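So the structure is just underneath, and the comments pick up after that.
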Amino acid sequence: TTKDVKEEEEKKKKKQQKQKIDDTGRHKPYGLTAWAPVDDVYLVRFYPKPMYDAEVAVDMLKNFQKLDFTPEDQPVFIDLQLDMKLEKKKKVDPFVSTVHLPHPFKKDLNKVVVFTENPEQARLATENGATIVGGAELVEKILEDEITADFYVAVPEIIPKLVPLKNKLRKKFPKSKRGSVGVNILKMLELFKTGHEYMVERDCYIVTQVAVLNMPKEHILDNMRAIVQDVASHKPAEFGPLIERAITSSKTSEGLRIKFDTFLPQEVKEEA
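So the sequence shown is numbered by this note's numbering: it starts at 118 and just counts up by one.
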């Protein structure tokens, strides 16, 4: 019967969903050998993955580089897994964000195209570092790959003329949601010339570069903090934390799970 089929489907779904097991108070973690190995030779899969303070993890990455004789200026990444759930069946939509890092690691400024047909706005954009400024005449050149850029920003009134670029630019197409459509050209240029962009991929993951390994440890940590705080701001606090786990690695190293709570703004407890 239909009822039996539904019950079977529900049972299957429950089996497929990973059950979270509470390990608090247990003498050893569920399904594993012990909380920690007794020596330095052991099978990784039999023990919980170690969690490091971010400072310790960055020191370890720098140490790996020396031991392995890999490039000193290799990129450092952060890999975040997110809990996108909101109330009922609602979810946080996958997002793209641009953030100003306290210690930029790119040597060159980003290339920014500004779309405007207002001569005064065009002059302002050119004087303030826009790579190319123009109106509808740029559409064909972009379609033909004569013009490419890191970011494309526009004033609201020109958007209807840019519709043919939607499929070409895809996620780079100017949108007010991303801060790339607006009347304040100076503000947009300031953000996108030196901004660092990251995005949510595969529904709930962010993997983005945060630094290069030969930067001072404090600078790498400051950049991690800026990205973690920006990511966390995309979900209202009343629905719980957005970030579930964080891993850092360099281009040639293994991934290290890090404690990211210290990067988040700490609540100030009021004294009674």
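Quick reminder that beta carbons are idealized off the backbone N, C-alpha and C, glycines included. Being a predicted model, the structure only gives us computed values, none of them experimental.
Short Cβ contact (9 Å threshold) for Ile-276 with Val-298: yes
Candidates Pro-358, Thr-243, Pro-221, of which the one nearest Val-229 by Cα: Looking at Pro-358, Thr-243, Pro-221, the one whose alpha-carbon comes closest to that of Val-229 is Thr-243.
Helix, strand or coil at Val-385 [DSSP, three-state]: The pLDDT assigned to Val-385 is 46, lower than 50, so where the model puts this residue is not dependable; a value taken from the coordinates is nonetheless given after this. For Val-385, the three-state secondary structure derived from DSSP is coil.
Sequence-distant residues of the same chain with beta carbon closer than 6 Å to Ser-366, five excluded per side: Sequence-distant Cβ neighbours of Ser-366 in its own chain, meaning closer than 6 Å and more than five residues away, are Phe-194, Gly-372.
For Lys-398, the nearest candidate out of Ile-138, Ser-350, Phe-356, Asp-185 (CA to CA): Coverage of the chain is limited to positions 118 through 389, which leaves residue 398 absent and any answer about it impossible.
Contact check, Asn-245 vs Val-272, beta carbons under 9 Å: No.
Where Thr-369 sits in the DSSP three-state scheme: coil
Residues that Gln-326 bridges to, as DSSP identifies them: Phe-194
Nearest candidate by alpha-carbon position, reference Arg-69, set Met-168, Leu-330, Val-216, Gly-142: Nothing in the structure corresponds to residue 69, since the chain is present only between 118 and 389.
DSSP-derived helix/strand/coil call for Val-229: strand
CA nearest to the CA of Ala-363, picked from Thr-187, Gln-191, Glu-189, Ala-171: Ala-171
Range covered by the beta strand (DSSP E) that runs through His-313: 313-316
Start and end residues, alpha helix (DSSP H) containing Asp-347: 334-349
Ala-171 - containing alpha helix (DSSP H), residue span: 171-185
Ala-399 in three-state terms, based on DSSP: Lying outside 118 to 389, the shown extent of the chain, residue 399 is not represented and no answer is given.
Pair within 9 Å by beta-carbon distance, Cys-321 and Met-177: At a Cβ-Cβ threshold of 9 Å, Cys-321 and Met-177 do not count as neighbours.
Cβ-based neighbour list, His-313, same chain, cut-off 6 Å, excluding 5 preceding and 5 following: Val-216, Leu-218
Extent of the continuous beta strand (DSSP E) run through Thr-243: Here Thr-243 belongs to no beta strand (DSSP E); instead the alpha helix (DSSP H) covers 236-244.
Best match in Met-305, Lys-145, Glu-335 for proximity to Phe-163 [C-alpha to C-alpha]: Lys-145
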